[in-house]
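Engineer: Take a look at this one; I'll ask things after.
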Amino acid sequence: MVMTVFVVAAVLAIVSALVAVSHRDPVINVLSLVVTFFCVAVNFALLGANFLAAAQILVYAGALLVLFLFVIMLLGAPQAPESGLHRPVQKTAGLALAAIVIIGGVLLALTMKVLPPASPVTGDAREIGKAMLTTHAFSFELISVLLLAAMVGALMLVKRKH
Numbered sequence: 000m001v002m003t004v005f006v007v008a009a010v011l012a013i014v015s016a017l018v019a020v021s022h023r024d025p026v027i028n029v030l031s032l033v034v035t036f037f038c039v040a041v042n043f044a045l046l047g048a049n050f051l052a053a054a055q056i057l058v059y060a061g062a063l064l065v066l067f068l069f070v071i072m073l074l075g076a077p078q079a080p081e082s083g084l085h086r087p088v089q090k091t092a093g094l095a096l097a098a099i100v101i102i103g104g105v106l107l108a109l110t111m112k113v114l115p116p117a118s119p120v121t122g123d124a125r126e127i128g129k130a131m132l133t134t135h136a137f138s139f140e141l142i143s144v145l146l147l148a149a150m151v152g153a154l155m156l157v158k159r160k161h
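With the first letter of the sequence shown counted as 1, position 78 gets the number 77 in numbering that gives the first Met the number 0; the numbers rise by one all the way through.
As structure tokens, this is what we get:
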């Protein structure tokens, strides 16, 4: 039963992620992204990381959905123009790149050594906070600087349009 739910959630996450990056309507993009976030939350719950599942739903599926839809409605983003992917050279290059990535991933998975099992993690807030601020403090700060740069860049783009 658990495996069936995992497979359904994983396939739905992949399909909705593909729709999120390939559809021309920005509202459809956001809604399919939310479906992806919910599917990832289901997989977190199946792994027993209930805090991560709840955070995934509250932060990503909830707050980001509202933020993205607000920005889309505020800016009145029209549908994207025709992407031009009907050109055979671009289509062939994209398919070749996808094939190289897939074949490389399969070869890497087949030739990798078997790693020892990881230490069990409960996924509660205390352990996550302790790991973020001790073991992974540099990564945590690096991500916060990256998010700050993304916010400043987005503000500069919006300000430049007005």
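All residues carry an ideal CB built from backbone N, CA and C; glycine is no exception.
(1) Have a look at Thr3 and Ile102 and give me their C-alpha separation to the nearest angstrom.
(2) Distance check for Ile142 and Ile99, CA to CA, integer angstroms please.
(3) If we count Cβ pairs, one from each stretch, closer than 8 angstroms, do we get three or more for the stretch 58 to 70 versus the stretch 23 to 37?
(4) Should Phe69 be labelled buried (16 or more other beta-carbon atoms within 10 Å of its own) or exposed?
(5) Cα-Cα, which of Pro115, Phe50, Val1 is closest to Asp123?
(6) When you compare only the Cα positions, how much space is there between Phe67 and Ile27?
(7) Would DSSP call Gly128 helix, strand or coil?
(8) Note the first and the last residue of the continuous alpha helix (DSSP H) segment covering Leu106.
(9) Hey, would you say Cys162 sits closer than 7 angstroms to Ala19, going by beta carbons?
Structural biologist: In terms of the structure at hand:
(1) The sequence position of residue 3 within the sequence shown is 4, counting from 1. The sequence position of residue 102 within the sequence shown is 103, counting from 1. Each residue's alpha carbon lies about 26 angstroms from the other.
(2) Against the sequence shown, residue 99 aligns to sequence position 100. Against the sequence shown, residue 142 aligns to sequence position 143. Using only the alpha carbons, I get a separation of about 29 angstroms.
(3) yes
(4) Locating residue 69 in the sequence shown gives position 70, counting from the first residue. Result: exposed.
(5) Within the sequence shown, the letter at position 124 stands for residue 123. When only C-alpha atoms are compared, the closest one is Phe50.
(6) Locating residue 67 in the sequence shown gives position 68, where the first residue counts as 1. Locating residue 27 in the sequence shown gives position 28, where the first residue counts as 1. If I take the Cα positions, the gap works out to 11 angstroms.
(7) Counted from its first residue, the sequence shown places residue 128 at position 129. The answer is helix: DSSP assigns Gly128 an H, G or I state.
(8) For this step, residue 106 is matched to residue 107 along the sequence shown. That run of the alpha helix (DSSP H) goes 87 to 110.
(9) Outside the modelled stretch of the chain, which goes from 0 to 161, sits residue 162, for which no answer is possible.
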